[in-house]
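What follows is a single structure, written as structure tokens, with notes after it.
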Amino acid sequence: MTDRRDTRWVALIAIGLIGGVLSGAFGIGGGIVMVPLLLSVARMDQRRAAATSLVAIVPASIVGSLTYFTQGEIDVIAGLIIAVGAVAGAIIGARLLRVLPLVWLRWMFIALLVVVAIRTLLVSPERGDALELSGWLALGYVALGLVMGIASGLFGIGGGVIAVPSLIVLFGMSDLIAKGTSLLVMIPTGVAGTITHARNRAVDVRAGLIVGVAATVASIPGVWLALVIPARLSAILFAVLMLFAAAQLTVKAVRGRES
Numbered sequence: 068m069t070d071r072r073d074t075r076w077v078a079l080i081a082i083g084l085i086g087g088v089l090s091g092a093f094g095i096g097g098g099i100v101m102v103p104l105l106l107s108v109a110r111m112d113q114r115r116a117a118a119t120s121l122v123a124i125v126p127a128s129i130v131g132s133l134t135y136f137t138q139g140e141i142d143v144i145a146g147l148i149i150a151v152g153a154v155a156g157a158i159i160g161a162r163l164l165r166v167l168p169l170v171w172l173r174w175m176f177i178a179l180l181v182v183v184a185i186r187t188l189l190v191s192p193e194r195g196d197a198l199e200l201s202g203w204l205a206l207g208y209v210a211l212g213l214v215m216g217i218a219s220g221l222f223g224i225g226g227g228v229i230a231v232p233s234l235i236v237l238f239g240m241s242d243l244i245a246k247g248t249s250l251l252v253m254i255p256t257g258v259a260g261t262i263t264h265a266r267n268r269a270v271d272v273r274a275g276l277i278v279g280v281a282a283t284v285a286s287i288p289g290v291w292l293a294l295v296i297p298a299r300l301s302a303i304l305f306a307v308l309m310l311f312a313a314a315q316l317t318v319k320a321v322r323g324r325e326s
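According to my numbering, the sequence shown holds residues 68 to 326 in order.
Written out as structure tokens, the structure reads:
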């Protein structure tokens with residue numbers, strides 16, 4: 068019994084370290100990898116994995132966004148505006164998580180990964196300054212936040228896989244600033260989604276905190292990695308990561324249906 072518990076602790080710490088590095092390097096919160104690993108390694112179902120991932124994302128996002136801020140690679144105003152829509156969206160997504168069938172959630176998650184990967188490969192990101200704020204731009208940020216928040220609450224991914232490519236592709240933001248801003252938005256988004264999940268008793272708080280502490284430690288070297296990797300190479304690695312996660316989940320979904 069003790070050996071099994073120790074093995075679970077090691078697995079959760081490993082999941083956090085992997086998620087933390089990816090969180091800092093790509094500005095995605097790490098949930099895109101933590102959710103599949105919680106499904107396969109920690110043996111959680113889709114709902115509990117998504118809810119638990121959000122707990123871990125919050126501290127990792129705080130440290131990651133602060134590290135980007137010290138490097139001047141964050142748009143605080145844009146982040147605050149996006150957060151308005153993201154918090155509302157996170158609550159909506161967390162409620163949808165309770166009612167949608169698990170099979171639907173899994174295939175929707177896989178489809179999201181594939182779409183994000185393809186879109187990332189088609190666009191070459193550029194590094195530069197933050198955008199000048201306007202009324203239409205602010206409305207676009209709120210709309211992006213709403214979509215990001217729904218994905219966060221529904222899939223437990225923090226929403227960064229939507230925010231980062233959208234800020235680069237649709238808003239023309241520098242890839243580093245997009246990553247830092249995405250992590251900033253994920254703080255209130257993750258908190259809102261976590262509170263909703265906790266009320267629904269859908270979250271493993273202890274597991275989430277273990278993963279979160281490990282992810283927080285690993286997020287700092289992840290940010291430094293992002294600063295030295297060329298923008299195009301970073302985009303390719305991000306797309307490969309999405310496709311790998313989608314392939315893993317597809318295999319698991321097909322095997323589950325066959326069994």
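Ideal Cβ positions, reconstructed from N, Cα and C, are used throughout, including at glycine.
What's the C-alpha gap between residue i and residue j?
i, j, result
"residue 164", "residue 309", "22 angstroms"
"residue 76", "residue 241", "38 angstroms"
"residue 178", "residue 279", "26 angstroms"
"residue 262", "residue 219", "13 angstroms"
"residue 250", "residue 266", "24 angstroms"
"residue 326", "residue 286", "Because residue 326 carries a pLDDT of 48, less than 50, the predicted location of this residue cannot be relied on, and the following value inherits that uncertainty. About 38 angstroms."
"residue 307", "residue 184", "7 angstroms"
"residue 140", "residue 239", "15 angstroms"
"residue 79", "residue 188", "31 angstroms"
"residue 81", "residue 277", "10 angstroms"
"residue 119", "residue 176", "16 angstroms"
"residue 304", "residue 298", "10 angstroms"
"residue 106", "residue 117", "9 angstroms"
"residue 74", "residue 201", "52 angstroms"
"residue 89", "residue 171", "26 angstroms"
Buried or exposed for residue i, going by 16 or more other Cβ atoms inside 10 Å?
i, result
"residue 226", "buried"
"residue 113", "buried"
"residue 115", "buried"
"residue 173", "buried"
"residue 300", "exposed"
"residue 122", "buried"
"residue 331", "Given that the chain is displayed from residue 68 to residue 326, the structure contains no residue 331 and the question cannot be resolved."
"residue 63", "A query on residue 63 cannot be resolved here, the shown segment of the chain reaching from 68 to 326 and no further."
"residue 316", "buried"
"residue 234", "buried"
Are the beta-carbon atoms belonging to residue i and residue j less than 8 angstroms from one another?
i, j, result
"residue 160", "residue 281", "no"
"residue 136", "residue 289", "no"
"residue 313", "residue 143", "no"
"residue 85", "residue 100", "yes"
"residue 231", "residue 186", "no"
"residue 211", "residue 296", "no"
"residue 124", "residue 98", "yes"
"residue 229", "residue 252", "no"
Does the Cβ of residue i lie closer than 7 angstroms to at least one heavy atom of the ligand MN?
i, result
"residue 188", "In the structure shown, the ligand MN is absent, as is every other ligand, since no ligand is present at all."
Assess contact between the region 128–138 and the region 249–262, defined as three or more Cβ pairs (one per stretch) separated by less than 8 angstroms. Is contact present? yes
Could you tell me whether the region 140–154 touches the region 265–284, where touching means 3 or more Cβ pairs closer than 8 angstroms? no
Under 8 angstroms, with one C-beta from each stretch per pair, do the region 89–99 and the region 128–148 reach the 3-pair mark? yes
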